[in-house]
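These protein sequence lines are chains A and B, in that order.
Throughout the first sequence, residue numbering follows the working numbering, covering 398 to 530 in sequence.
Throughout the second sequence, residue numbering follows the working numbering, covering 398 to 530 in sequence.
Every residue gets a Cβ at the ideal spot worked out from N, C-alpha and C, and that includes glycine.
Structure first, then comments.
There are 2 protein chains.
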Amino acid sequence: MLEAKKVLKKSNLRPTSQRVAIVDYILQKNKVHITAAKLITHFKNKNISISLATIYNNLNELADKGILRKFYVNNDKMWFDSNLQDHYHFYDSEKDELIDIDKNEISFSKSPKIPDGKIKDSINIIINLKNKN
Amino acid sequence: MLEAKKVLKKSNLRPTSQRVAIVDYILQKNKVHITAAKLITHFKNKNISISLATIYNNLNELADKGILRKFYVNNDKMWFDSNLQDHYHFYDSEKDELIDIDKNEISFSKSPKIPDGKIKDSINIIINLKNKN
DNA sequence: TTATAGTTTAGAATCATTCTAATAATCTAA
DNA sequence: TTAGATTATTAGAATGATTCTAAACTATAA
Ligand SMILES: [Mn+2]
Ligand SMILES: [Mn+2]
Ligand SMILES: [Zn+2]
Ligand SMILES: [Zn+2]
């Protein structure tokens, strides 16, 4: 069975052609940072037509299932990340591109005290890059 | 002269009633995290009417002048921060509220290598909080 | 004063994302 | 293998935050 189909089956998602295409893409390039717009463009270039609503539905579903991770970077674009490891990002605004920073490339020697009654949910670290000079 | 007016004068911004109201608010509560929507509500409660466009115009202008700092938190809301120190944030999604983390409450013992041809522009660290249990 | 440049505003426009509700595909039990 | 039920896809409308437009207003300096 196609790897993409296995992934979908394991998450109880029907292997529609659209889903297979999306999961396939994610599996092929491992460690992807995707945006709905980027995905649509990718599929358009390959003459695969998937509606924007479906792209969003599925990326969100995959995030719900824990196959992708979802977050936002600075502006109001939603990003999906197939790297499930704990990690951080450089953001290259020139290219509108994220670059992974491995968890062990940043170490904290001191961490702030969490406010009373609360616990840490997730940490977002984004280092915004600009061109030298 | 009113403190707010001095601030505006120093930045070459005409002290209109709307601007004075906004800067006044920022000066009174020092260290504020504001959102256009929050400001509008605040002024509505005090029966001061300032249009949404003006709120945005002025918050953005104040950010341009370096009187506020502008950034985004997770979702697509724009935040303005009157704390100009280098610092980070907790985000309490329950209350839709930011809490400052002083720069010296986090220390890095290891920092990632910046990609070639690039330099660090800014760092965003947001620790998302959720309620205990 | 008055002319000019700067400001405010209502409402339209934009853009990313979600919703709606009609249609289509997949699955399952018999 | 089907029929019926369930789940997915889709076009297009709706939403919400922000910005734009262009007309009316205000501050300022001469
Ligand atoms: Mn939005
Ligand atoms: Mn937006
Ligand atoms: Zn990543
Ligand atoms: Zn702050």
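Looking at Lys402/A: is its Cβ nearer than 8 angstroms to the Cβ of Val417/A?
Taking the first residue of the first sequence as position 1, residue 402/A is located at position 5. Taking the first residue of the first sequence as position 1, residue 417/A is located at position 20. Yes; because the gap between Cβ atoms is below 8 angstroms, this pair is in contact.
Starting from the Cα of Ser446/A, find the closest Cα among Ile437/A, Asn454/A, Tyr453/A and give me that residue.
Along the first sequence, read from residue 1 onward, the residue named residue 446/A stands at position 49. Here the closest residue by C-alpha is Ile437/A.
Meets three-Cβ-pair contact criterion under 8 angstroms: the stretch 449 to 464 of chain B and the stretch 505 to 520 of chain B:
no
Could I get the ranges of all uninterrupted beta strand (DSSP E) runs contained in the stretch 487 to 519 of chain B, with 3 residues as the minimum, in chain order?
494 to 499, 504 to 507
If you check the beta carbons only, do Lys515/A and Lys527/B fall under 8 angstroms apart?
Taking the first sequence and counting its residues from 1, the one referred to as residue 515/A is at position 118. Taking the second sequence and counting its residues from 1, the one referred to as residue 527/B is at position 130. Taking 8 angstroms as the Cβ cut-off, Lys515/A and Lys527/B qualify as a contacting pair.
Report yes if the C-beta distance between Asn525/A and Ser448/B is below 8 angstroms; otherwise report no.
As a position in the first sequence, residue 525/A is number 128, starting the count at 1. As a position in the second sequence, residue 448/B is number 51, starting the count at 1. Cβ atoms of Asn525/A and Ser448/B: not closer than 8 angstroms.
Can you pull out the residues from the stretch 504 to 526 of chain A whose beta carbon lies closer than 9 angstroms to at least one beta carbon of chain B?
Ser504, Phe505, Ser506, Lys507, Ser508, Pro509, Lys510, Ile511, Pro512, Asp513, Gly514, Lys515, Ile516, Lys517, Asp518, Ser519, Ile520, Asn521, Ile522, Ile523, Ile524, Asn525, Leu526
Grab the span of the alpha helix (DSSP H) containing Lys435/A for me, first residue to last.
The count along the first sequence starts at 1 and reaches residue 435/A at position 38. Taken as a continuous stretch (DSSP letters only), the alpha helix (DSSP H) holding Lys435/A covers 433 to 442.
According to DSSP, is Leu449/B part of a helix, a strand, or is it coil?
By one-based count along the second sequence, residue 449/B stands at place 52. Note: Leu449/B maps to helix in three-state DSSP.
Pairwise C-alpha distance: Tyr485/B and Gln425/A
Numbered from 1 along the first sequence, position 28 holds the residue referred to as residue 425/A. Numbered from 1 along the second sequence, position 88 holds the residue referred to as residue 485/B. So the alpha carbons of these two residues sit roughly 36 angstroms apart.
Going by DSSP in three states, Asn472/B sits in which element: helix, strand or coil?
If you number the second sequence from 1, residue 472/B lands on position 75. Three-state DSSP puts Asn472/B in coil, outside helix and strand.
Mind pulling the chain A residues with CB within less than 8 angstroms of Ile498/B?
Translated into positions along the second sequence, residue 498/B becomes position 101. Pro509, listed in chain order.
Ordered along the chain, which non-local residues of its own chain (more than five positions away) have a Cβ less than 8 angstroms from that of Leu495/B?
What you label residue 495/B is simply residue 98 of the second sequence in a count that begins at 1. For Leu495/B, where only same-chain residues beyond five positions count, the Cβ hits under 8 angstroms are His430, Val470, Trp476, Asp478, His486, Phe487, Tyr488, Asp489.
Taking Asp473/A as the query, report the chain B residues whose CB atoms sit under 8 angstroms from its CB, ordered along the chain.
What you label residue 473/A is simply residue 76 of the first sequence in a count that begins at 1. Tyr469, Asn472, Asp473, listed in chain order.
How would you call Asn501/A, buried or exposed, if buried means at least 16 neighbouring beta carbons within 10 angstroms?
Locating residue 501/A in the first sequence gives position 104, counting from the first residue. Asn501/A is exposed by the Cβ-count criterion.
For chain A, is any of its Cβ atoms less than 8 angstroms away from the one on Phe487/B?
Your numbering for residue 487/B matches position 90 in the second sequence. Cβ-Cβ to chain A under 8 angstroms: yes for Phe487/B.
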